[in-house]
């Protein structure tokens, strides 16, 4: 039985081309869209929750002590600061995840390049 080396080389080349095409195809955007929207809502909820909790504590203390809305203002500002701090922590987590994903993809690309 004779083997045609040109056909084998052509088949190997086609496999390599299809592998490269698959690696270059963009990922589906639907999941990314939903995860971005979920992240945005999570950050908004964190900020609003801080404000609402600060408002509740401040209003409660002002009602309890019969003071001017000094505790209300103080605790709303503290709630805002806590909400912003929580949002920043969430943003840092997301950035770290994105950097890890990018590094993993870069490592995979370098590994494929070394194979070729």
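Residue numbers (my numbering): 661 to 776.
Heads up, the beta-carbon is just placed ideally off N, CA and C, and yes, glycines get one too.
Bear in mind that the values here come from a model prediction, so they are computed numbers and not experimental data.
The straight-line gap separating the alpha-carbon atoms of residue 709 and residue 698 is approximately 16 Å.
When DSSP states are grouped into helix, strand and coil, residue 716 belongs to the helix group. The C-beta distance from residue 736 to residue 720 rounds to 12 Å, too long to fall under 8 Å, and the pair is not in contact.
Contact between residue 711 and residue 747 fails: their C-beta atoms lie close to 12 Å from each other, not under 8 Å.
The segment 704–776 contains no complete beta strand (DSSP E) run of 3 or more residues. With respect to the 8 Å criterion, residue 705 and residue 718 are not classified as neighbours on the basis of their beta carbons.
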